[in-house]
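Worksheet: one structure, shown below.
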Ligand SMILES: NC(=O)c1ccc[n+]([C@@H]2O[C@H](COP(=O)([O-])OP(=O)(O)OC[C@H]3O[C@@H](n4cnc5c(N)ncnc54)[C@H](OP(=O)(O)O)[C@@H]3O)[C@@H](O)[C@H]2O)c1
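In the working numbering, the protein residues as written are 62 to 314.
Right under this line is the structure:
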């Protein structure tokens with residue numbers, strides 16, 4: 062199947078490591094020009110070199126999503142540099158944690174406002190695309206209780222509702238909005254790698270609760286994101302796709 066991605070232009074936040082990195086590598090393999098950001102300049106440069114070696118145009122810089130003004134300015138600049146935006150993937154998260162107000166503030170600024178600001182800045186570009194597509198990276202923590210009461214879980218859930226409403230509102234502008242929730246994904250040096258060392262019982266219990274007896278990979282998530290973002294998914298709008306290998310137990314009618 063041709064995903065219809067060749068020649069499209071995508072902005073992906075937090076794309077130097079983990080799931081974001083696999084998303085941009087997968088999109089570049091499909092011929093998509095890419096703009097990326099993260100907080101670490103050397104890692105941005107290293108990622109851009111890998112993407113350019115795949116034959117696509119790749120631009121990016123060190124930007125902290127938490128710095129609202131710099132972040133919005135970067136997204137607008139990325140749209141100019143790429144000559145448009147067809148695909149937007151707000152991928153950065155403030156991460157999980159239970160420091161109460163500190164975490165609520167961080168997840169609000171990074172997960173929620175990092176998505177809201179990206180959408181508001183990118184919509185003028187996405188409107189011109191004619192095949193605009195936004196995929197919010199959420200989490201299965203949003204749809205089933207997991208670990209502990211956390212700002213991460215509750216604020217990720219807000220993105221599913223936001224996405225659904227955007228899909229209704231911007232349909233006439235030919236922009237699709239979808240949310241995608243990965244289950245536990247093992248990334249070397251990532252959160253689950255740290256949990257494996259610091260909380261081995263919790264790590265092993267999570268794997269034992271999985272029907273496949275393993276965590277997912279960033280590549281498995283990236284392939285689903287690429288499809289959902291692509292023109293091949295033209296009739297999918299306002300949905301929430303769970304990519305967890307069957308980890309969650311709820312039945313959704
Ligand atoms: N891994 C999982 O099991 C899992 C499961 C469900 C959902 N998710 C979601 O998937 C997304 C990616 O997670 P991941 O595990 O791939 O994360 P990751 O491995 O920690 O990578 C995060 C990326 O974002 C960048 N980043 C972090 N904070 C940033 C900030 N404030 N401003 C700009 N860039 C920032 C990081 O680079 P720098 O640190 O250099 O900035 C890196 O490129 C997140 O939304 C997460 O909630 C992950």
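Think of the CB as a built atom: it goes at the ideal place given N, C-alpha and C, for glycine as much as any other residue.
Sequence-distant partners of residue 183 (beyond 5 residues in either direction) whose C-beta falls short of 7 Å from its own C-beta, in its chain, are 72, 136, 140, 146 and 149. Secondary structure at residue 242: strand, using DSSP grouped into helix, strand and coil. Three or more beta-carbon pairs separated by less than 8 Å are not found between the segment 251-260 and the segment 185-199, which leaves the two stretches without contact. Separation of residue 159 and residue 217 (C-alpha to C-alpha, rounded to the nearest whole angstrom) is 15 Å. At least one heavy atom of ligand 1 sits closer than 7 Å to the Cβ of residue 99. Taking the Cβ of residue 75 as the reference point, at least one heavy atom of ligand 1 falls within a distance shorter than 7 Å.
Taken through DSSP and simplified to helix, strand or coil, residue 148 comes out as strand.
Short of 6 Å from the beta carbon of residue 155, and not among the five residues preceding or following it, lie these beta carbons of its own chain, in chain order: 167, 168, 171 and 172. According to the DSSP assignment, residue 87 belongs to the alpha helix (DSSP H) that extends over 79-90. Assignment of alpha helix (DSSP H) within the segment 195-250, counting only whole runs of 4 or more residues, yields 212-230 in chain order. The beta carbon of residue 125 sits closer than 7 Å to at least one heavy atom of ligand 1.
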